[in-house]
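Going line by line, the protein sequences match chains A, B and C.
Anchor point for the first sequence: position 136 equals 145 in the numbering used here, and the numbering is continuous, going up by one each time.
Anchor point for the second sequence: position 119 equals 441 in the numbering used here, and the numbering is continuous, going up by one each time.
Anchor point for the third sequence: position 348 equals 354 in the numbering used here, and the numbering is continuous, going up by one each time.
Built from N, CA and C at the ideal position, the CB exists for glycine as well.
Since this is a predicted model, take the numbers as computed values, not measurements.
Worksheet: the structure to be examined is printed underneath.
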Amino acid sequence: MEIANQQKQSLPHTQLNMSGGREQDVLLKALLALVFGPIGLLFGSLSGGFIMIILEIIIAILTFTFGTLTTTFYGLALVQLVCTIWAIYATLNKYKTVEQRIKYRNTESILYKTSIVFLSFIVAVPLIIILLYIIRQGVTQVNWHFLTNVPKPVGETGGGILNALVGTLIIVAISAIIAIPVGMMAGIYLSENPKTRLAYWAGLCVDILQGVPSIVVGIVVYFWVVKPLGTFSAVSGSIALAIMMLPIVIRSTEETLKLLPPSLKEAALSLGVPYHRVIIKIIVPCGFAGILSGIVLSIARVVGETAPLLFTAFGNPYLSASIVKPMESLPHLIYTYATSPYDDWHDLAWGASFLLLVFVLVLNISTKLITKRWKVQL
Amino acid sequence: MESTIVSAENINAYYGDNHAIKNVNIKINRNEVVAMMGPSGCGKTTFLRCINRMHELIPNARAEGVMKLDGEDVYKMNVIYVRYKIGMVFQRPNPFPNMSIYENVIAGYLLNGLKISKADKDLIVERSLTSAALWNEVKDSLHKKGTFLSGGQQQRLCIARAIAMQPEVILFDEPTSALDPISTSSVENLFHELKANYTLIIVTHNMQQAARVSDRTAFFYLGELVEFDDTKVMFTNPKDQRTQNYITGRFS
Amino acid sequence: MAILNQQSLLAVKKRSPVVAVVLSLLFGSFGLFYASVFGGIVMTVVALLVGLLAYAFGSMLIFKIGVVAIGISCIIWSVIAVNNSNKGFFFAQFKWEIVFRRWLRILSAAMLLLAIGVLITLIINSIPSIKSLGISYLWGKVWDPVQNIYGAYPFLIGTLLTSFIALFISIPFSFAIAIYLGEYSTKGWLSNLLRNTVELIAAVPSIIYGFWGFFVLVPIIRSFEIKIHVLPYGLGIFASSLILAVMVIPYAASLGATLIRMVPAALKEGAYGLGATRFEVIRKVIMPYTRSGLFAGVLLSLGRALGETMAVTLLIGNTSAVPHSIFALGNTMASVIANEFTEADHTIYLSALIELGLILFLVTVVINYIGKRIITRFTRN
Numbered sequence: 010m011e012i013a014n015q016q017k018q019s020l021p022h023t024q025l026n027m028s029g030g031r032e033q034d035v036l037l038k039a040l041l042a043l044v045f046g047p048i049g050l051l052f053g054s055l056s057g058g059f060i061m062i063i064l065e066i067i068i069a070i071l072t073f074t075f076g077t078l079t080t081t082f083y084g085l086a087l088v089q090l091v092c093t094i095w096a097i098y099a100t101l102n103k104y105k106t107v108e109q110r111i112k113y114r115n116t117e118s119i120l121y122k123t124s125i126v127f128l129s130f131i132v133a134v135p136l137i138i139i140l141l142y143i144i145r146q147g148v149t150q151v152n153w154h155f156l157t158n159v160p161k162p163v164g165e166t167g168g169g170i171l172n173a174l175v176g177t178l179i180i181v182a183i184s185a186i187i188a189i190p191v192g193m194m195a196g197i198y199l200s201e202n203p204k205t206r207l208a209y210w211a212g213l214c215v216d217i218l219q220g221v222p223s224i225v226v227g228i229v230v231y232f233w234v235v236k237p238l239g240t241f242s243a244v245s246g247s248i249a250l251a252i253m254m255l256p257i258v259i260r261s262t263e264e265t266l267k268l269l270p271p272s273l274k275e276a277a278l279s280l281g282v283p284y285h286r287v288i289i290k291i292i293v294p295c296g297f298a299g300i301l302s303g304i305v306l307s308i309a310r311v312v313g314e315t316a317p318l319l320f321t322a323f324g325n326p327y328l329s330a331s332i333v334k335p336m337e338s339l340p341h342l343i344y345t346y347a348t349s350p351y352d353d354w355h356d357l358a359w360g361a362s363f364l365l366l367v368f369v370l371v372l373n374i375s376t377k378l379i380t381k382r383w384k385v386q387l
Numbered sequence: 323m324e325s326t327i328v329s330a331e332n333i334n335a336y337y338g339d340n341h342a343i344k345n346v347n348i349k350i351n352r353n354e355v356v357a358m359m360g361p362s363g364c365g366k367t368t369f370l371r372c373i374n375r376m377h378e379l380i381p382n383a384r385a386e387g388v389m390k391l392d393g394e395d396v397y398k399m400n401v402i403y404v405r406y407k408i409g410m411v412f413q414r415p416n417p418f419p420n421m422s423i424y425e426n427v428i429a430g431y432l433l434n435g436l437k438i439s440k441a442d443k444d445l446i447v448e449r450s451l452t453s454a455a456l457w458n459e460v461k462d463s464l465h466k467k468g469t470f471l472s473g474g475q476q477q478r479l480c481i482a483r484a485i486a487m488q489p490e491v492i493l494f495d496e497p498t499s500a501l502d503p504i505s506t507s508s509v510e511n512l513f514h515e516l517k518a519n520y521t522l523i524i525v526t527h528n529m530q531q532a533a534r535v536s537d538r539t540a541f542f543y544l545g546e547l548v549e550f551d552d553t554k555v556m557f558t559n560p561k562d563q564r565t566q567n568y569i570t571g572r573f574s
Numbered sequence: 007m008a009i010l011n012q013q014s015l016l017a018v019k020k021r022s023p024v025v026a027v028v029l030s031l032l033f034g035s036f037g038l039f040y041a042s043v044f045g046g047i048v049m050t051v052v053a054l055l056v057g058l059l060a061y062a063f064g065s066m067l068i069f070k071i072g073v074v075a076i077g078i079s080c081i082i083w084s085v086i087a088v089n090n091s092n093k094g095f096f097f098a099q100f101k102w103e104i105v106f107r108r109w110l111r112i113l114s115a116a117m118l119l120l121a122i123g124v125l126i127t128l129i130i131n132s133i134p135s136i137k138s139l140g141i142s143y144l145w146g147k148v149w150d151p152v153q154n155i156y157g158a159y160p161f162l163i164g165t166l167l168t169s170f171i172a173l174f175i176s177i178p179f180s181f182a183i184a185i186y187l188g189e190y191s192t193k194g195w196l197s198n199l200l201r202n203t204v205e206l207i208a209a210v211p212s213i214i215y216g217f218w219g220f221f222v223l224v225p226i227i228r229s230f231e232i233k234i235h236v237l238p239y240g241l242g243i244f245a246s247s248l249i250l251a252v253m254v255i256p257y258a259a260s261l262g263a264t265l266i267r268m269v270p271a272a273l274k275e276g277a278y279g280l281g282a283t284r285f286e287v288i289r290k291v292i293m294p295y296t297r298s299g300l301f302a303g304v305l306l307s308l309g310r311a312l313g314e315t316m317a318v319t320l321l322i323g324n325t326s327a328v329p330h331s332i333f334a335l336g337n338t339m340a341s342v343i344a345n346e347f348t349e350a351d352h353t354i355y356l357s358a359l360i361e362l363g364l365i366l367f368l369v370t371v372v373i374n375y376i377g378k379r380i381i382t383r384f385t386r387n
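Dropping the structure here:
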């Protein structure tokens, strides 16, 4: 029994039994931690190193912002010291008995979990700060007047964002009209014929399109639509957004339909139902929840896109419903007014940001509800 | 009155380079129950799919030869019409999950966009479900989703769905292999009743089932049709050594 | 037991092709309703769209061409439709099936054309700049449109700096989320909360991040810069990187969580069976197993960071000089395009900007492609 224990103990760290290495090891790890701080501690104790890196960053930011350089110095010196002690402790622990080592390993595991949980949930902090700030700044702006008026010229107070609201709705609606049928059809093809050469290349191109930076889409549509028409136009903005929607619609359609059992299609075909009716009346309705949530998600993704609209739909301080003239949109309005020097306009931009945020949130939440409610039980 | 309804002449089928069906000739008469048995991978399901051209759904699969339905070459006919005339029931019950029981039965009409009156619909649903021995169990819940039924009930719903189209022939691809014994016997009992109006071709790997339900039995082995004879003759006095080996359980 | 007469059900009304042609000739898309209801609807919609377009442009020419084109297509459609439907129910269905399959193929092929079209458009329009500036464009340190000198180096450096700093800041967080959602807590309200939070971070439009950063983050950074005695712009590489870091967390995190969840349970159980702690299982089993997948997630994050435009444009300060520290102002490829594209008043200037777009496109495509390949290989195993 005892021999077995000794063997177990010696397995993970074979240098452990070389008693001469022990002092050297402790000294080396301590020195590393003393010189390089948390980074050096990583060699002695991985989880310790991670925790201390975060601690150091937090202390540095806090003391920088609220204290003086001296406090920062002391703070970092303290961190260095703690690191050294931790390194010595951790290294010494490696040479403890089996029971002690098990205890140490358990503590290590718990500490690691704590740091993971801490790191994961800390990302909520910036999000909450941003959301709360936008809501605080924006919600006071939004009222009936704000929603039903166009922006006033500089110097006059009041005014609203009706033009941007209408513009966003029109632009996004047209892009959805373009992207949804095309995307669904291409997605159906990809899921139905996954082995063909066309499907391989089309799939690759969908991946490429998904990765194209939005600003590049703007440039391309500028040359495809704006230049031939000779004017910025809402329809060019819609085409740019449609290009950004397509990959999402295609992929969500494809992924949803791939999950459906092939027996469904066989059953329908064996009844003498032509292929197109099988797809339209069986396959698409069974995957309806997934496809619809993909579509809503793609709309949520493009409703806040600004970059592709800069050189396509451009912007327009007046209310316009003509799709071949420049048209304002919420994100573009935020961009122009945020970079303007006038406080009134900043207020409009905060209000518009709030509205945009509400749109995006509602769309995202509805995708969840769609998948939950309308899922066809297979 | 022994008239041929399905006849296969020199049927060969391939998956890519794999020769799955080798020169099969068979004549199936009207209103009889034919069982096709053989070890798994012997091509019986492939042959079944070649009858109503379902093999075309499998990439790389192709069939050669002449398959006749009522004297007309299936491979030269409109594929939709072929499947309209030859119904099929699959291994696993597959009712349409987005439709109610009622809609499932008349799915073939609904999906084809054929306009039928409410009275006709009700009539079709009742007759088909009655023929499939399901009417009494589901008549009070016709508008529930078909997927809520038990496995055996679902399979009988699929049979009702096929019957509703009034096909000439119904193909069964191991229809009971996913069912429990009680459901299996209820489906088997059905075969005897359906025989009066339809021609049934049943693929099974279960010899007892073939013996119980069929008038004639075809034995497939390694893509060949080894023997095709009256079921009684086949099981009591097989002519081919391979058939005898299979029946006596020398290989499975 | 014939339940109902199939013959009458499947029978089709014979229609006269002559009547169909005459009707479409006289009434256009409305006349087409005689031959095919679907065709009538489609052509009516098309006619409305063309009319709208002609009205919007105020162009009589578009109107005339549209009328003629629609008229001809209505006549052709009516002849084909009548012919098909006269050949019986199944024949018409069969024709539809073929048309449907063809459209599926056409629209998939359109994706190919779209991607190739993007590439070709970018290449063609950057030819003037490639011709006159050559390869030295890439390391030219000066960008001065007034003097007609164009060097992309400051933007390349700006892009790389912001993206990689953002990546380094975001990696601990995204990996932590991936490990938490993939291993520690795959179900339950807490992980749902975290998952939704991460999705929300990805959902907030980049312009809102930029706007918020511009008014809230920049002043904080400015006071921070005063403390450490650098020029207190507030804006610059550092501010952009911070916001970018938040924005790219979701990409690596959600992919990482998915892949970690795919680690076979048998592997983990084997390690637990040998007495490993959870930490050791994560480090010695999960991490090595998912290493390539996590790397792919980082690549996807990088692709996002490189192409991100609006938040960076608002925060980076838009100076076309080579940034000399992380607190300096700068410009990224995307932000310089966003700022100067509409102002570019001569060919070379515009073309130089498009060449930036081309570089950005190629780099992100390559990065995304590698990432996707790694993921497919990972998920296939």
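C-beta contact flag for residue i and residue j at 7 Å
i	j	result
B/G409	B/I350	no
C/V51	C/P160	no
C/I365	C/S341	no
B/A533	B/F557	yes
C/L241	C/V224	yes
C/L16	C/F95	yes
A/I332	A/V191	no
B/T469	A/Q386	yes
Three-state secondary structure assigned by DSSP to residue i
i	result
A/I94	helix
C/I322	coil
B/I408	strand
B/S313	Residue coverage of chain B in this structure runs from 323 to 574, which leaves residue 313 of chain B outside it and unanswerable.
A/K384	coil
B/F557	helix
B/R538	strand
C/M293	helix
A/V3	The question about residue 3 of chain A has no answer, for chain A in this structure spans 10 to 387.
Any chain B beta carbon closer than 7 Å to residue i
i	result
C/V44	Checking the displayed sequence, the identity of residue 44 of chain C turns out to be Phe instead of Val. Judged by the 7 Å Cβ criterion, C/F44 is not in contact with chain B.
C/F106	no
Short CB-CB distance (under 7 Å) between residue i and chain C
i	result
B/N458	no
B/N426	no
B/I373	no
B/I481	no
A/T100	no
B/I485	no
Proximity test, Cβ basis, 7 Å: residue i and chain A
i	result
C/M268	no
B/M410	yes
C/F255	Strictly speaking, residue 255 of chain C in this sequence is Ile, with Phe absent from that position. Output row for C/I255: interface = yes.
B/P381	yes
C/W149	no
Q.
Please give the ranges of any alpha helix (DSSP H) in the region 216 to 263 of chain A, keeping only runs that are unbroken, at least 4 residues long and fully inside the region.
A. 223 to 230
Q.
Pairs of beta-carbons, one from the region 512 to 520 of chain B and one from the region 449 to 462 of chain B, closer than 8 Å: are there three or more?
A. yes
Q) With a cut-off of 8 Å, do at least 3 Cβ pairs link the region 34 to 44 of chain C to the region 72 to 89 of chain C? A) yes
(Q) Three or more C-beta pairs under 8 Å: does that hold for the region 142 to 157 of chain A against the region 210 to 230 of chain A? (A) These segments do not touch.
Q. With contact counted as at least three CB pairs below 8 Å, one residue from each stretch, are the region 336 to 354 of chain C and the region 201 to 211 of chain C in contact?
A. no
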